[in-house]
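Numbering follows this note's numbering, in which position 201 of the sequence shown is assigned residue number 202; successive positions increment by one, without gaps.
C-beta: ideal position from N, C-alpha, C; glycine also.
Input: a single structure, listed below in structure tokens.
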Amino acid sequence: MNRRNIISAIPGLIVVGSSFNLARAGFDVGGALGAATDAAKAASLTDDQVRGYASQMATYSDKQAKIAPAGSPYAARLTTLTTGLTEDQGLKLNYKVYLTKEVNAFAMADGTIRLYSGLMDMMTDDEVRYVIGHEMGHVKSGHTKKRMQTALAASAAQKGVAASGTRAAGLADSQLGDLVVQVVRAQHSQGNEREADDYAMQFMSRRKYDRKACVTALEKLVKMSGGGGTSWLSTHPSPKERADRMRKQIA
Ligand SMILES: [Zn+2]
């Protein structure tokens, strides 16, 4: 979380009469004020809480997006290419397409998978499946949970977590916006990328999809990387090295 976000997160909690209703969201106001002082203490979220926050973030994100209606060409293609892919390792998956030229995709801990039509336009079905596997890899390897913990601990929302016991506290839109930026829109480390790619390769093998699609998807992104418009690359860096690494694994 950058400094500007920390500062903007706190007024959202303490300004009375803002769009955020403290009582409704179940926040302890005194505790929320105190949270600024012990922001360094990391919140330890349960998996249930992580799923609860992920689901709120997905609802928030969907509200900002233009979603391909059921039966439209993008939605129909996604339904077809995810046939039999209703769950992964016990997690029930739910899919939507965001209609935008942006080349991007993300997954969340509650099984939310969102694919941008710009990404679907440039990829084959198996390449899209690689992206789904890669995004699930970030969730399953705990990368998104760790980011969520860091973001919540660093904002005054941390006390909301503590006050709510084992459930996820209700967050305001401004806080959900910050969380989406920090959990979904921040750049992953190379280590995280390798871990997510390894998960994707196993995912492709388990499902009997063509693993070469992992390599070709990244090669397409490498070709595009000079032209901009690939926001997926800004959060999932170094596609060339990753393509080379996976090509060796398949050979
Ligand atoms: Zn990634």
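Can you give the Cα-Cα distance for residue i and residue j, rounded to whole angstroms?
i	j	result
Ala164	Ala187	Reliability of the predicted coordinates at Ala164 is poor, the pLDDT of 46 falling under 50, and no value is obtained from them.
Glu88	Met137	11 Å
Thr80	Leu116	12 Å
Tyr54	Ala169	6 Å
Ala155	Thr47	17 Å
Lys224	Lys249	20 Å
Gly85	Lys141	19 Å
So, for residue i: in the same chain, excluding its five sequence neighbours on each side, which residues have a beta-carbon less than 7 Å away from its beta-carbon?
i	result
Lys213	Ile251
Thr83	Tyr96
Ala76	Ala69, Pro70 and Val98
Phe107	Arg115, Glu136 and Val185
Thr217	Glu128
Met234	The sequence shown places Leu at residue 234, not Met. Once the five neighbours on either side are set aside, the close Cβ partners of Leu234 are Leu222, Ser226 and Pro240.
Counting C-beta neighbours from all protein chains within 10 Å, is the total for residue i 16 or more, i.e. buried, or is it exposed?
i	result
Asn3	Summary for Asn3: the model assigns pLDDT 42, below 50, so the residue's position carries little reliability; its value from the coordinates is reported in the next sentence. Burial call: exposed.
Thr231	buried
Ala71	exposed
Ala36	Confidence at Ala36 is low in this model, with a pLDDT of 45, below 50, so its placement is unreliable and no value can be given for it.
Gly91	exposed
Quick one: residues in its chain with C-beta nearer than 8 Å to the C-beta of residue i, no 5 flanking neighbours on either side, listed in chain order?
i	result
Asp199	Gly138
Arg148	Gln183, Val184 and Ala187
Considering only residues of the same chain and omitting the five flanking positions on each side of residue i, which have a CB-CB separation below 6 Å?
i	result
Arg130	Tyr210
Lys102	Gly119
Leu100	Lys67, Ala69 and Ser118
His144	Asn193
Val132	Ala106
Report the residue from the options whose alpha carbon sits nearest the alpha carbon of residue i.
i	options	result
Gln185	Asp49, Thr47 and Met58	The identity of residue 185 in the sequence shown is Val, whereas the question assumes Gln. For Val185, the nearest C-alpha among the options comes from Met58.
Lys221	Thr151, Met121, Ala201 and Arg168	Met121
Asn193	Leu86, Pro238, Arg78 and Ile133	Pro238
Gly178	Gly134, Ser62, Asp49 and Gln203	Ser62
Ala110	Arg52, Arg246, Leu46 and Ala201	Arg52
Glu206	Arg78, Thr125 and Gly134	In the sequence as presented, Glu is not what sits at residue 206; that position holds Ser. Taking only the C-alpha atoms, the option nearest Ser206 is Gly134.
inquiry  = Residues around ligand 1, please: the ones whose beta-carbon is closer than 6 Å to some heavy atom of it, in chain order.
reply    = Working through the chain, the matches are His135, His139, His189, Glu194, Ala197 and His237.
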